[in-house]
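To keep things clear, I will list the structure first and then write my remarks on it.
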Amino acid sequence: MSPSAYSIPLSKAPSPIDRRFQQGGWLLLASLVMFFLSSVLLYGFYAYWRRDDPLSLVPLPMDYLFSTVMLFATSGTLHLATLAIRREKRVRTVFWIIVSLVLAIGFTGMQLTATNEMLSGPALAEGNGKGLAGMVAVLVFLHALHVAGGIIALAIVLVRTLRRKYDHECYWPIRFAAQYWHFLDLVWIVMLISFWSTTGGFVIGH
181 MSPSAYSIPL SKAPSPIDRR FQQGGWLLLA SLVMFFLSSV LLYGFYAYWR
231 RDDPLSLVPL PMDYLFSTVM LFATSGTLHL ATLAIRREKR VRTVFWIIVS
281 LVLAIGFTGM QLTATNEMLS GPALAEGNGK GLAGMVAVLV FLHALHVAGG
331 IIALAIVLVR TLRRKYDHEC YWPIRFAAQY WHFLDLVWIV MLISFWSTTG
381 GFVIGH
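Here you go:
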């Protein structure tokens with residue numbers, strides 16, 4: 181067999197199993213959307229109930245805002261990884277997936293730091309304001325769990341990419357990873373708007 185046979189893996193059309201995985205992926209995203217929308221709605225009701233409590237107007241850590249940039253960058257680099265594998269650019273695909281992993285881990289670290297800052301702030305040392313901040317922390321934690329799941333999935337996709345499991349026709353796991361992070365973008369933006377409108381918002385220099 182000639183060496184060229186190993187340079188580019190043979191492409192194949194999506195199998196019925198691949199299609200079932202795709203359908204399952206879309207059902208997963210749909211169920212997660214419903215879950216997060218319900219959670220944000222419950223948070224909104226709780227925040228409205230506590231609207232007269234001045235202690236609930238705790239400022240949000242700026243790291244929540246800065247980490248949003250990293251989250252969007254993760255989606256962008258995964259989109260670039262999808263474009264790269266469609267063109268059989270394996271080295272470039274691996275590079276963008278690694279960059280995505282680094283950004284995702286950085287996002288998670290900033291989220292944890294920001295949440296700890298908010299919960300340990302002097303404004304929350306006493307009073308009922310900690311209730312609303314606690315709800316913010318719970319929603320952030322739920323989002324972080326799904327981010328952690330996305331990081332694990334990215335690591336698996338990276339290993340399979342290195343093992344040449346994907347090509348320009350069979351690349352759905354990479355594309356789904358990008359779609360999953362777009363979903364995380366959307367959920368986080370909805371959550372951030374909800375937090376901003378029900379707390380003290382972002383204070384420059386805080």
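Numbering follows our numbering, with no gaps: position 92 of the sequence shown is 272. For each residue, glycine too, the CB sits at the ideal point set by N, CA and C.
Distance from residue 379 to residue 245 at the Cβ level is roughly 13 angstroms; contact not present, criterion being Cβ atoms closer than 8 angstroms. A direct Cα-to-Cα measurement between residue 281 and residue 254 gives close to 8 angstroms. Under the DSSP assignment, residue 349 falls outside any alpha helix (DSSP H); it carries neither an H nor an E label. The Cβ-Cβ distance between residue 351 and residue 262 falls below 8 angstroms.
With respect to residue 375, residue 318 sits apart: the two C-beta atoms are not nearer than 8 angstroms. Pairing residue 299 with residue 224, the inter-Cα distance amounts to about 19 angstroms.
Closest in C-alpha terms to residue 359, from the list 314, 258, 324, comes 258. Between residue 341 and residue 285 the beta-carbon gap is near 18 angstroms, outside 8 angstroms, which marks them as no contact. Residue nearest to residue 242 within the set 365, 219, 293 is 293 (criterion: CA-CA distance).
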